[in-house]
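Asks: The working numbering puts the first residue of the sequence shown at 1, with every later residue one more than the last.
Here a beta-carbon is modelled for each residue, glycine too, at the ideal position from N, C-alpha and C.
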Amino acid sequence: MAKKKGYYYNSSAYEEAIRTLRTNIQFSDVDKKIKKILITSSVPNEGKTTVSINLAKSFAKNNFKVLLIDCDLRNPSVNKELKIENNVGLTNVLLKKRDLASAIMKDYDEKNLDILLSGPIPPNPAEILSSNAMKNTIKELEEKYDYIIMDTPPTGIITDAAILSTISDGVIFVARENYTKKEQIGAAIESIYKVGGRFIGVVMTFAKNENSKYGGYYK
């Protein structure tokens, strides 16, 4: 995979914020390792895919073996941000049209980072994501990776993220400053709690700060 413009922000402040997020995740639970991390938001255009990509890269830079999965089977964004074709991915694996190893792509910038795109958009995303095939695939991947980052659709619109939160170790919620309404955030978070999902914290993007173009706060 060639290096593409727009893959990640070069801002030192942004990179420091991502490093802080990574460190908080590593030390957020001393009793149970947080390995499968789901990233979502309440509405589109809040920056969750950018956070997903850069968090995955940050873990990889620190010698962890990482897999980034685009679990948005309705409007996938990872391939758009990386500017690569989305011909093969998760749906091909779950529908048994490709084996897992052949669907995973290597990232050429980070040797420890692998990427599993969404693949072709199916007619029944929620059913596929809640299937035993999905659960078994994640279990198989757990044996191979230190961290699995799952980029999912906005929680406030559809149930996919809530479904996947039941097989994740923790959820990171992304909210855009002066964009997301409080009631949207509340409804999205409630949908995760209702199914027993566990929150790691909340990241605020596009925050206006004198020292940074990116801000974050964590629960």
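1. Taking the alpha-carbon of T141 as reference, which of E16, I53, K33, I69 has the nearest alpha-carbon?
2. For P123, count neighbouring C-beta atoms within 10 Å of its own C-beta (all shown protein chains included) and say buried if the count is 16 or more, exposed if not.
3. In terms of alpha-carbon separation, which member of E15, A17, R22, A207 lies closest to I200?
4. On the CB-based measure, 16 or more other CB atoms within 10 Å of its CB, does E46 come out buried or exposed?
5. Can the beta-carbon of S41 be found less than 8 angstroms from the beta-carbon of F173?
6. Please determine, among K135, V51, E110, K33, the residue with the shortest C-alpha to C-alpha distance to N62.
7. Given that a residue counts as buried once 16 or more other Cβ atoms are within 10 Å of its Cβ, and exposed if not, what is D99?
8. Would you decide whether I18 is buried or exposed? Buried here means 16 or more other CB atoms lie within 10 Å of its CB.
9. When the Cα atoms are used, what is the spatial distance from I37 to A101?
10. Look up F59 in the DSSP assignment and say whether it is helix, strand or coil.
11. Out of S168, L73, Y14, K182, point me to the one whose CA is closest to G119's CA.
12. What alpha helix (DSSP H) runs, 4 residues minimum, are completely inside the segment 99 to 184?
Replies: Quick answer:
1. Your numbering for residue 141 matches position 141 in the sequence shown. The sequence as given places Leu at residue 141; Thr does not occur at that position. Closest in C-alpha terms to L141, from the list E16, I53, K33, I69, comes I69.
2. To locate residue 123, count along the sequence shown from 1; it is residue 123. When all chains shown are included, P123 counts as exposed.
3. Position 200 of the sequence shown, counting from 1, holds the residue named residue 200. Checking every option, the nearest Cα to that of I200 belongs to R22.
4. Against the sequence shown, residue 46 aligns to sequence position 46. Buried, since its Cβ has 16 or more Cβ neighbours within 10 Å.
5. The residue labelled residue 41 in the question sits at position 41 within the sequence shown. The residue labelled residue 173 in the question sits at position 173 within the sequence shown. Yes, they are a contact pair.
6. In the sequence shown, the residue the question calls residue 62 occupies position 62. If we check each option's Cα against that of N62, E110 comes out closest.
7. The residue you call residue 99 lines up with position 99 of the sequence shown. It is exposed - the Cβ of D99 has fewer than 16 other Cβ atoms within 10 Å.
8. The residue given as residue 18 occupies position 18 in the sequence shown. With at least 16 other beta carbons inside 10 angstroms of its own, I18 counts as buried.
9. Locating residue 37 in the sequence shown gives position 37, where the first residue counts as 1. Locating residue 101 in the sequence shown gives position 101, where the first residue counts as 1. Roughly 21 angstroms separates the two Cα atoms.
10. Position 59 of the sequence shown, counted from the start, is the residue given in the question as residue 59. Three-state DSSP puts F59 in a helix.
11. For the purposes of this step, residue 119 is taken as residue 119 along the sequence shown, with counting starting at 1. Per the Cα distances, L73.
12. 100 to 103, 125 to 129, 132 to 142, 160 to 165
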